[in-house]
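So for the sequence shown, this note's numbering puts the first residue at 294; every next one is plus one.
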Amino acid sequence: MFNRQSEAMVDGTLSRLRRFVPVVALILLLSAANSYADNRVMGEVQFEGASRVERDSGVWIDGQYLGYLKELRGDKKVMLLPGEHEINVRQAGLEDFVRKIVVEPGRKQTVHVAMQESVGWQTPSATATLKLTVQPNRAAVFLDEWYVGHVGEFGGKFHSLLIAAGKHRIKIELPGYRTFETEVNLLAGQKSEVKTELVKGSIEQNDAMIKQSARQAASNPR
């Protein structure tokens, strides 16, 4: 009796699996087909930086911050709809690198980025040091409304942000996360640290600063 019941249970389980497996296979097939179709419709844009400075610079496309240049590959590769797009690469103390490109469906192109020093850039005479310990460390950092780099450049044991002594507003933003904002007021020679973890949210909750397309890279820290 027990054996008959066990066999019946096994047969029932196998029968359900036979009905379930084709459905899973179909879902996977449709997902792969959609991904393939998307890749044929979209075009890929790759970036090559002339030096470490360019590779650590922030990238905006059509006014939207995507991340810093050297990370935009693999699962973060840039896929765009066909048509014209504007690329803006920014770094503190450097002139913006601006290019317009035309993306073709299913095609890959490489943008070679080389940046020039900003005319009139000067290091303030009285400075303070600010360390940023923030996750995700790829978030964009704005000092008094000017983009100065991504978090990873100003954290850890050996990296920090050198700013003019005095009062400053710090804003940290990343698409898909809520904007973090704080103020610091530092004396000359003083060291301070900002620690936080960005809270996930909608891309629509990001401040307009991260979406702007015409802002010049940071000038003198005030």
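C-beta atoms are modelled at their ideal positions from N, C-alpha and C, and glycine is treated no differently.
query: Between the C-alpha atoms of leucine 321 and arginine 431, what's the straight-line distance to the nearest angstrom?
result: Per-residue confidence for leucine 321 stands at a pLDDT of 48, beneath the threshold of 50, marking its modelled position as unreliable; the derived number appears in the next sentence. Each residue's alpha carbon lies about 32 Å from the other.
- request: With a 10 Å radius around its C-beta and 16 neighbouring C-beta atoms as the bar for buried, classify valine 395 as buried or exposed.
  value: exposed
- prompt: Hey, quick one: how far does the beta strand (DSSP E) through valine 382 stretch, first residue to last?
  reply: 376 to 383
query: Tell me the DSSP bridge mates of threonine 489?
result: Listed as beta-bridge partners of threonine 489 by DSSP are Val427.
task: Assign leucine 362 to one of three DSSP states: helix, strand, or coil.
output: helix
task: State the CB to CB distance for the pair valine 477 and leucine 423, rounded to an integer number of angstroms; the pair is presumed to be in contact (CB under 8 Å).
output: 6 Å
field: Cα-Cα separation between arginine 345 and glycine 360, rounded to whole angstroms
entry: 15 Å
query: Which residues bound the beta strand (DSSP E) around arginine 348?
result: Unbroken run through arginine 348 is the alpha helix (DSSP H), 345 to 348; no beta strand (DSSP E).
- request: Give me the Cα-Cα distance between glutamine 483 and alanine 421, rounded to the nearest whole angstrom.
  value: 5 Å
message: How far does the beta strand (DSSP E) with phenylalanine 473 in it extend, from its first residue to its last?
response: 473 to 479
field: Opening and closing residue of the beta strand (DSSP E) in which tyrosine 470 lies
entry: It is not in any beta strand (DSSP E) - tyrosine 470 carries neither H nor E in the DSSP assignment.
- prompt: Of the residues Trp353, Arg348, Gly342, which one's Cα is nearest the Cα of proline 468?
  reply: Trp353
- prompt: Just the Cα atoms here: how many angstroms apart are valine 371 and threonine 403?
  reply: 11 Å
message: By alpha-carbon positions, which one of Tyr358, Gly336, Ala458 ends up nearest to tyrosine 470?
response: Out of Tyr358, Gly336, Ala458, Tyr358 has the C-alpha closest to the C-alpha of tyrosine 470.
message: Taking the alpha-carbon of tryptophan 439 as reference, which of Ser418, Arg462, Gln428 has the nearest alpha-carbon?
response: Arg462
message: I need the boundaries of the beta strand (DSSP E) containing threonine 403, first residue and last residue.
response: 401 to 406
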